[in-house]
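Okay, so here's the structure we're looking at.
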Amino acid sequence: KNVAVILPAAGSGRRFGREENKLFAALAGEPIWIVAARRLRVHPRVSRIVMPVSDQDRPRFEGDFADHVRKLGIELVAGGAERTESVLSGLSHVAEDGSVGLIAIHDAARPLVRRDDLDAVFAKADQTGAAILAAPVTATVKQSLDAGVSCRTVDRSTLWLAQTPQVFALDVLQRAYAKHRGRPATDDAELVTRIGVDVALVQGAPDNLKITHPNDLVVAEAILKTQIESHHA
Ligand code: C5P
Numbered sequence: 044k045n046v047a048v049i050l051p052a053a054g055s056g057r058r059f060g061r062e063e064n065k066l067f068a069a070l071a072g073e074p075i076w077i078v079a080a081r082r083l084r085v086h087p088r089v090s091r092i093v094m095p096v097s098d099q100d101r102p103r104f105e106g107d108f109a110d111h112v113r114k115l116g117i118e119l120v121a122g123g124a125e126r127t128e129s130v131l132s133g134l135s136h137v138a139e140d141g142s143v144g145l146i147a148i149h150d151a152a153r154p155l156v157r158r159d160d161l162d163a164v165f166a167k168a169d170q171t172g173a174a175i176l177a178a179p180v181t182a183t184v185k186q187s188l189d190a191g192v193s194c195r196t197v198d199r200s201t202l203w204l205a206q207t208p209q210v211f212a213l214d215v216l217q218r219a220y221a222k223h224r225g226r227p228a229t230d231d232a233e234l235v236t237r238i239g240v241d242v243a244l245v246q247g248a249p250d251n252l253k254i255t256h257p258n259d260l261v262v263a264e265a266i267l268k269t270q271i272e273s274h275h276a
């Protein structure tokens with residue numbers, strides 16, 4: 044079954060501390076979004092990549108980056124003010140494509156996802172209709188109901204950190220978005236859970252970090268180096 048990828052890229056640079064979209068920052072000499080897009084483009088099951096971008100960034104993707112967009116086979120669509128709206132825009136764009144079996148939503152801000160983890164999460168979604176990459180929580184987690192005056196420990200043995208790709212049968216994701224009534228959700232798996240479909244967790248490599256703060260880029264460059272070394276070993 045073919046996989047259509049939605050690669051949301053319509054965010055801003057706010058937490059990253061720059062004026063422009065953080066995805067234009069360089070990771071080993073290339074913009075983050077290009078590194079992310081290429082990882083998906085080279086996967087043999089990926090048939091389409093749809094990338095929601097903001098109105099503000101669109102001229103850059105169609106100008107400076109037009110060659111990259113074309114070579115990577117990326118279809119640009121309009122993003123929205125919230126990530127959920129950006130994903131919906133991408134979903135509407137592929138809705139009529141009968142050759143698509145799975146939809147994989149992957150943050151353009153996660154450039155280091157590994158090929159074997161893509162294989163694993165696609166295979167799980169083939170079986171179940173809904174699967175995401177995730178990592179077990181390794182820290183001691185505290186909950187505070189009084190803004191830090193006191194706290195208690197939360198049992199971490201049941202806790203996972205959601206990542207992307209989040210991969211769904213096309214009809215499952217369409218039903219989830221059709222039922223979405225605007226109650227905020229921080230990922231797509233939450234919308235799918237709300238329609239009563241179980242979302243399976245697939246444990247991925249620790250490589251798959253999301254670039255949020257400038258420090259994350261330093262870590263990402265180090266991870267990229269180890270990936271390249273092990274690839275040639
Ligand atoms: O801000 P954050 O990194 O958590 O956003 C996750 C991904 O969603 C990023 O790749 C960002 O570009 C994208 N996004 C989007 N539309 C928004 C907000 C974020 O496509 N309105």
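With UniProt numbering as the guide, the letters of the sequence shown map in order to residues 44 to 276. Built from N, CA and C at the ideal position, the CB exists for glycine as well.
- In this structure, ligand 1 has no non-hydrogen atom nearer than 8 Å to the beta-carbon of Ser273.
- Taken through DSSP and simplified to helix, strand or coil, Glu118 comes out as strand.
- Between ligand 1 and the CB of Ala151, the shortest heavy atom gap is smaller than 8 Å.
- The beta-bridge partner set that DSSP reports for Ile148 consists of Ile49, Gln209.
- Asn64 is classed as buried because its beta carbon has at least 16 other beta carbons within 10 Å across all chains shown.
- A straight-line Cα-Cα distance of about 9 Å links Val48 and Pro208.
- Just measuring C-alpha positions, the residue of Leu267, Ser273, Pro257, Glu272 sitting nearest Arg57 is Pro257.
- Under the DSSP assignment, Lys65 falls outside any beta strand (DSSP E); it carries neither an H nor an E label.
- Counting C-beta atoms within 10 angstroms of its own C-beta, Ser273 has fewer than 16 neighbours from the protein chains shown and is therefore classed as exposed.
- Under the 10 Å beta carbon count, Thr127 is surrounded by 16 or more other beta carbons and is classified as buried.
- Cβ-Cβ separation between Val245 and Val164: approximately 5 Å, consistent with a contact (criterion under 8 Å).
- Sequence-distant partners of Trp76 (beyond 5 residues in either direction) whose C-beta falls short of 7 Å from its own C-beta, in its chain, are Ala52, Leu66, Ala151.
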